[in-house]
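**Student:** Here it is, the structure, as structure tokens.
Protein chains: 4
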Amino acid sequence: MKIGILNITSYTGLELFRMLSKHPKVEIVSVTGRSGIGKSLSSFLSNKTLTDIEITSKINQNVDLIFSCLPHKTSAETLYDFISKDIPVIDLSADFRIKNPNTYEKWYEITHPYPNLLELAIYGLSEINREKIKTAKLVANPGCYSTSIILPLFPIISNNIVNENTSIIIDSKSGVSGSGRTPSLSNHFSEINENLIPYSLEGHRHLPEIEQEINQKNTNIPVTFVPQVLPITRGIISCCYVTLKKDLNLKSLEEKQKLVNSILEKFYKNEPFITIINKPPTMKNVQGTNSCLIYPKIDNRTGILILISAIDNLIKGASGQAIQNMNIMFGFNEKLGLNTIPIYP
Amino acid sequence: MKIGILNITSYTGLELFRMLSKHPKVEIVSVTGRSGIGKSLSSFLSNKTLTDIEITSKINQNVDLIFSCLPHKTSAETLYDFISKDIPVIDLSADFRIKNPNTYEKWYEITHPYPNLLELAIYGLSEINREKIKTAKLVANPGCYSTSIILPLFPIISNNIVNENTSIIIDSKSGVSGSGRTPSLSNHFSEINENLIPYSLEGHRHLPEIEQEINQKNTNIPVTFVPQVLPITRGIISCCYVTLKKDLNLKSLEEKQKLVNSILEKFYKNEPFITIINKPPTMKNVQGTNSCLIYPKIDNRTGILILISAIDNLIKGASGQAIQNMNIMFGFNEKLGLNTIPIYP
Amino acid sequence: MKIGILNITSYTGLELFRMLSKHPKVEIVSVTGRSGIGKSLSSFLSNKTLTDIEITSKINQNVDLIFSCLPHKTSAETLYDFISKDIPVIDLSADFRIKNPNTYEKWYEITHPYPNLLELAIYGLSEINREKIKTAKLVANPGCYSTSIILPLFPIISNNIVNENTSIIIDSKSGVSGSGRTPSLSNHFSEINENLIPYSLEGHRHLPEIEQEINQKNTNIPVTFVPQVLPITRGIISCCYVTLKKDLNLKSLEEKQKLVNSILEKFYKNEPFITIINKPPTMKNVQGTNSCLIYPKIDNRTGILILISAIDNLIKGASGQAIQNMNIMFGFNEKLGLNTIPIYP
Amino acid sequence: MKIGILNITSYTGLELFRMLSKHPKVEIVSVTGRSGIGKSLSSFLSNKTLTDIEITSKINQNVDLIFSCLPHKTSAETLYDFISKDIPVIDLSADFRIKNPNTYEKWYEITHPYPNLLELAIYGLSEINREKIKTAKLVANPGCYSTSIILPLFPIISNNIVNENTSIIIDSKSGVSGSGRTPSLSNHFSEINENLIPYSLEGHRHLPEIEQEINQKNTNIPVTFVPQVLPITRGIISCCYVTLKKDLNLKSLEEKQKLVNSILEKFYKNEPFITIINKPPTMKNVQGTNSCLIYPKIDNRTGILILISAIDNLIKGASGQAIQNMNIMFGFNEKLGLNTIPIYP
């Protein structure tokens, strides 16, 4: 199958290239860049790569699928032509994640360039929307924080055990690569190193997609979300603090813990990339993999349900999930190209 | 004034030495170590120090004040003699922080060696217990996490605006130096670097002192506490998520924000080391200082009060606060030896 | 083919497991550990692995090849039985690298347990000793520093262009994982982070194997070697400073540069894992790969030949090269299991 | 004494401010910035500072001394007015370091704006040029690499024990803060973290000042210099590899080691900031101090003299040495404001 990648010189683009190079069913035939145009990928990376290819300004080959690693707005604008020609598209930007164009406009402070395409788009959280993704032509790949948050919360909320009058608290910590490759003071080594930076307390742009997706089953649970930048390159750990419904208070801690475990284990039992674990995950447990680890814990003093999830933000939080979605769309084994063990140490 | 330091070769001991060396009123006359006995501090540090001194196995001079940087249990056992001789003591271990010896036994899994000394001890959170510290002979210097958590929460809880039926959620992130200098897999560079490690979800030992101190004014608010190790050496950032009382719901977000700001600003208005700030603090804002920065923020979507605090765990979270307590005990200007600007970058 | 791994719970053992799990010709059937005995590898790593297996105290299956990740001395002692039974062995320890047992004794301060096995052993620097490795039963996998140093120097020295009266200067920088997983103050995060530590200036244990291998062609060039620990987990960069023979002084800088480039390019032209590059390599160019990048540069002011090499110490410097040697020994395509692109960023 | 600082919002400017705030003889009365104009320093740093002051676009007070933290060219252009008015100046840029304007033009690729001022300028390496600095009106503060290199080499070369026909090899490793605060891909966290980057092998701009200063005593020894960026914020370690004169070959290693030690110890015996040590220095031995540690070691296998030096690049390599020069110029105790112990850990 022939693949084109828009903006391969981004971190998510290079990660797509790295992982797709080991995928037995695809061939990358054309790649564009915002930098490095005219260079070969091998020279860009200063190392031999398995397949080499020139970075061009436009997709210059027929392709069976386009991945877009462009920033939002430019992504929708560039993808329009491919969508019009009925070429399947997986968009790693935020442009097609939010169903309501007014919500998009409010959070991204631009008018959506192609609002009529929104209803075509499927939110590409593979485990939750697999059936719709199978027939999708336009997949909106989820945000990295969103993936780490929706995966633990969706089954719990959908099982109607969460107190709807209390905000879920989400305290997330992300590596720096999540903010991309464009230099700024907020990713300057001397500013990030030995630091921890809480940010976007006025409202992070992943909030609307998180609320849209966790509340699919007629709930309306509000979310308090505090993202923080860690002095690491890759990985997200999200701690979600959930108040359970009052009628669960009759149950013992052990019963609550069993209930929560059984909900998660049942929901994810056949999923190759989701593991429910019995101790807190660390970044090193997931770096280099498409895994999401989920640790559910009823606090033994307060009864609060703590859900800690870990992903590699560039893989399950971006390029890996994009490949998983491609595998679903094209009927491949879902693990193809994604079957890796964590890099450790 | 003549000072003795027990276990100077710990991270908190060396930080005490570094800071006291610039203090105009004191002279360090005797220091002990668990390692490095017989060496001079200059050779231990491979650099000239302002004053040099030999590391010995026992305090071998008359002193006016003892700081203990020993581990718990050993600390109480070693301090007993000094306390018996009426020598003022500041203990950086956990041995005298918890009023109830049964609570101590439950959390530290040992019987307290001198439970009858507990009523002598003053919990040395300088800003909150200043009056008692002035006349104390035995100061229990607070835990690092505890300092970062009690300082933002105490004024808020004491003003009766917190919903007592809902757990306060505390998500704290600490640098590695908090766990001391003894090597273990949990502080091995290759395990910590590029990682984030949530731990002690069964209950961290700072919990009993946090609950004891925040609930001094007849409240009984439960706390859910998730500590995490960051790949940095120094610093703690704690995010406290507080549900306000229902009757505050009548107020607008702006009114709630003003109320919270005014409580904190009033409580800390004359404090040299506490600053209420209007954007989230970072580790770099406090490293190398005795400051605690507090950012209060009413979430504009959920009304939850988010309190983010930052300290240097080895200074305000340990040795700096110990010096501040010494200044209070001996009637010195409270800023002596502590008047520093953050190391940046 | 059935594989056994001794001490899989070391960093090199786990890296062998990670990489062999993707190798199409092998099956890992038995693994031992110095820790984690009785656990499954999946639980040890807190993540699903492609194949799972229990960690045992002894190899408990018939195997076609043994990899040893044991420390020196224990490795030779444990391997003796396998070697006696004619089972092929690849030893990642230092025990069989040095031909002269007296030299071994001098540097490792122990008597070699099986000196008579030394003549059986082939020094497993794949590109240089490939022909001997093909028929070897006992391969001594090279040290990590040694690999990064011998690869650039061997072709240059063997071409007789190096001044034999002047020491070659080697300034190497290594990630912390090179010193293994056992905790010590020298790998404590708070000691390594924000630091750089030169060490072993009295003589590093890789020196004898470096001198043995670079001087195979009747030279006797002395080496000054300064290793340093970097605050990173993986990777080695070695800077080798070489004084060329006086008669080369007649040549222009351009001619010298061409000569050096042509020697290296000719020597390594068919090698899949060696790349001669035209700008300095970085760690990120090699992390996650079995590559060695070599940058040759004639200093345009002094005529000194600077050779900068980069490897991933756990892959080309240990487990990857061990797999490469296995591929050579068993007639597999040399790239099997090793065909990866650098992890970036 | 009244101080003005040009471009205080640079890393060297903020470090000057931090250190001068503790200096008993000075008052900072006016500061300019390339960013943050109109803000107070307290708000810029998000913390209370000892003295607060507004960042302006021009020096707006009478001052007794100007420090310039501007980039080269802009610095000379801005300082011209102050120099014309006979106001003493310490320039942290490279503009006045190189005596020969043609050399400056060659390396900095611009024509020097005020070449006639060059003969006024004193190269401010405090320990070496102290007598000239005492009466200087224009001090060119040395480069950070240069400081770490000239301090160990100057006494050795001046004692005529170095072989003049062999290049000295200098392999230096610097923290990222040395390249300043302006964001670029070369200081992006995701690019630097877990990396080591050799650069400027065509010739680094500190080379001409190094060669100018080490060869003051009628030598002409060439230097091979390879700088590298480390994933740390602060600190430089330089390894200098020196071939001694042939007639020293008659001496034993012990005699050579004694000779070298005695030269260095004699030269630096009264210096408060230079320590000759007997084991390799680390970054942590100097961070936060104005120290330069020097470890001299005759390689016991090759006779090469290895000199390893360590400094904090922002202190002894920039702002600290600038303050030391100020102390010399104004007759203050040279340790004023600089008398600190390393930050550890």
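Here the protein sequences come in this chain order: A, B, C and D.
My numbering numbers the first residue of the first sequence as 12 and each following residue consecutively.
My numbering numbers the first residue of the second sequence as 12 and each following residue consecutively.
My numbering numbers the first residue of the third sequence as 12 and each following residue consecutively.
My numbering numbers the first residue of the fourth sequence as 12 and each following residue consecutively.
We put the CB at the ideal spot given by N, CA and C, even for glycine.
Under 7 Å, CB to CB, which of the residues in the stretch 203–221 of chain A have a partner in chain D?
**Tutor:** Here the close residues are Ile203, Asn204, Glu205.
**Student:** Is the distance from the Cβ of D:Ser53 to the Cβ of D:Gly15 below 8 Å?
**Tutor:** Going by C-beta atoms, D:Ser53 is not nearer than 8 Å to D:Gly15.
**Student:** Quick check on DSSP: helix, strand or coil for C:Ile64?
**Tutor:** If DSSP states are grouped into helix, strand and coil, C:Ile64 belongs with coil.
**Student:** Flag A:Cys155 as yes if its beta-carbon sits less than 8 Å from any beta-carbon of chain B, otherwise no.
**Tutor:** False, the Cβ-Cβ gap to chain B never drops below 8 Å.
**Student:** Looking at the strands, I want to know which residues DSSP matches up with D:Cys250.
**Tutor:** Beta-bridge pairing links D:Cys250 to D:Asp182, D:Ile319.
**Student:** Hey, does B:Thr158 have any beta-carbon neighbour from chain D nearer than 8 Å?
**Tutor:** It does not; no Cβ of chain D falls within 8 Å.
**Student:** Going by beta carbon distance, what residues of the same chain come within less than 8 Å of A:Glu38, once the five residues before and after it are set aside?
**Tutor:** Only Met12, Lys13, Ile14, Thr62 meet the Cβ criterion.
**Student:** Using the DSSP secondary-structure output, state which residues sit across from C:Tyr355 in a beta bridge.
**Tutor:** None, per the DSSP bridge assignment.
**Student:** Can you find a C-beta in chain B that's less than 8 Å from the C-beta of A:Cys251?
**Tutor:** Chain B, which has no Cβ nearer than 8 Å to the Cβ of A:Cys251, makes this no.
**Student:** Quick one: what's D:Val234 bridged to in DSSP?
**Tutor:** Answer is D:Ile179, bridged to D:Val234.
**Student:** Expressed to the nearest angstrom, what Euclidean distance is found between the alpha-carbon atoms of D:Ile121 and D:Lys110?
**Tutor:** When rounded, the distance between both Cα atoms is 15 Å.
**Student:** Helix, strand or coil for D:Ser32? Go by DSSP, reduced to three states.
**Tutor:** Note: D:Ser32 maps to coil in three-state DSSP.
**Student:** Answer with yes or no whether the minimum CB distance from B:Leu149 to chain D is below 8 Å.
**Tutor:** No, B:Leu149 lies away from the interface with chain D (no Cβ there is under 8 Å from its Cβ).
**Student:** Examine chain A for any beta-carbon lying closer than 8 Å to the beta-carbon of B:Thr244, and answer yes or no.
**Tutor:** Output row for B:Thr244: interface = yes.
**Student:** Looking at the C-beta of A:Leu56, does it have a partner C-beta in chain C at a distance below 8 Å?
**Tutor:** It does; some Cβ of chain C falls within 8 Å.
**Student:** What separation, rounded to the nearest whole angstrom, lies between the Cα atoms of C:Pro163 and C:Leu275?
**Tutor:** So the two alpha carbons sit approximately 8 Å from each other.
**Student:** Quick check on B:Phe28 - is its C-beta less than 8 Å from some C-beta in chain C?
**Tutor:** So, not an interface residue.
**Student:** Can you confirm whether B:Ile352, when its beta carbon is compared against all beta carbons of chain D, has any partner nearer than 8 Å?
**Tutor:** At least one chain D Cβ lies under 8 Å of B:Ile352.
**Student:** Rounding to the nearest angstrom, what Cα-Cα distance links A:Glu88 and A:Ser188 in this structure?
**Tutor:** Their backbone Cα atoms lie some 24 Å apart in a straight line.
**Student:** Any beta carbon from chain A within less than 8 Å of B:Pro356's own beta carbon?
**Tutor:** True, the Cβ-Cβ gap to chain A drops below 8 Å.
**Student:** Going by CA-CA distance only, name the one from A:Leu149, A:Glu130, A:Trp118, A:Ile139 that's closest to A:Leu103.
**Tutor:** It is A:Leu149 whose Cα lies nearest to the Cα of A:Leu103.
**Student:** Under a three-way DSSP split, which group does A:Gln223 fall into?
**Tutor:** Helix, per DSSP.
**Student:** Beta-carbon within less than 8 Å of D:Leu207's beta-carbon, same chain only, minus the 5 sequence neighbours each way: which residues are those?
**Tutor:** Lys184, Gln239, Val240, Leu241, Pro242.
**Student:** Count the other CB atoms within 10 Å of the CB of C:Asp92; is the residue buried (16 or more) or exposed (fewer)?
**Tutor:** Counting Cβ neighbours within 10 Å, C:Asp92 comes out exposed, since fewer than 16 surround it.
**Student:** Look at the alpha carbon of D:Tyr156 and the alpha carbon of C:Thr193, and state the distance between them as a whole number of angstroms.
**Tutor:** Distance between the alpha carbons of D:Tyr156 and C:Thr193 is about 35 Å.
**Student:** Assign D:Glu202 to one of two classes, buried (16 or more other C-beta atoms within 10 Å of its C-beta) or exposed (fewer than that).
**Tutor:** It counts as buried.
**Student:** Identify whether C:Asp75 lies in helix, strand or coil by the three-state DSSP scheme.
**Tutor:** Three-state DSSP puts C:Asp75 in coil, outside helix and strand.
**Student:** Can you tell me whether DSSP reads D:Gln298 as helix, strand or coil?
**Tutor:** Three-state DSSP puts D:Gln298 in coil, outside helix and strand.
**Student:** I'd like to check one pair, A:Ile179 with A:Val234: are the Cβ atoms closer than 8 Å?
**Tutor:** Against a cut-off of 8 Å, the Cβ pair of A:Ile179 and A:Val234 comes out as a contact.
**Student:** Does D:His199 have its Cβ less than 8 Å from a Cβ in chain A?
**Tutor:** It does: the Cβ of D:His199 has a partner Cβ on chain A nearer than 8 Å.
**Student:** Please list the segments of the beta strand (DSSP E) lying wholly inside the stretch 144–203 of chain A, counting only runs of 3 or more residues, in order along the chain.
**Tutor:** As far as the stretch 144–203 of chain A is concerned, its whole beta strand (DSSP E) runs of at least 3 residues are 149–151, 179–185.
**Student:** Using alpha carbons as the reference points, say which of A:Leu56, A:Ile66, A:Thr244, A:Gly135 lies closest to A:Gly44.
**Tutor:** Cα-wise, what sits closest to A:Gly44 is A:Ile66.
**Student:** Against C:Leu25, what residues of chain A qualify as contacts under a CB-to-CB distance less than 7 Å, listed in chain order?
**Tutor:** Neighbours of C:Leu25 on chain A, chain order: Tyr355.
**Student:** Could you work out which residues of chain D lie near B:Tyr22, taking near to mean beta carbons separated by less than 7 Å?
**Tutor:** Within 7 Å Cβ-Cβ: Pro356.
**Student:** Can the beta-carbon of B:Arg245 be found closer than 8 Å to that of B:Asn324?
**Tutor:** A contact, by the Cβ cut-off of 8 Å.
**Student:** Do you know how far the Cα of D:Ile326 is from the Cα of B:Val100?
**Tutor:** Cα-Cα distance, rounded: 36 Å.
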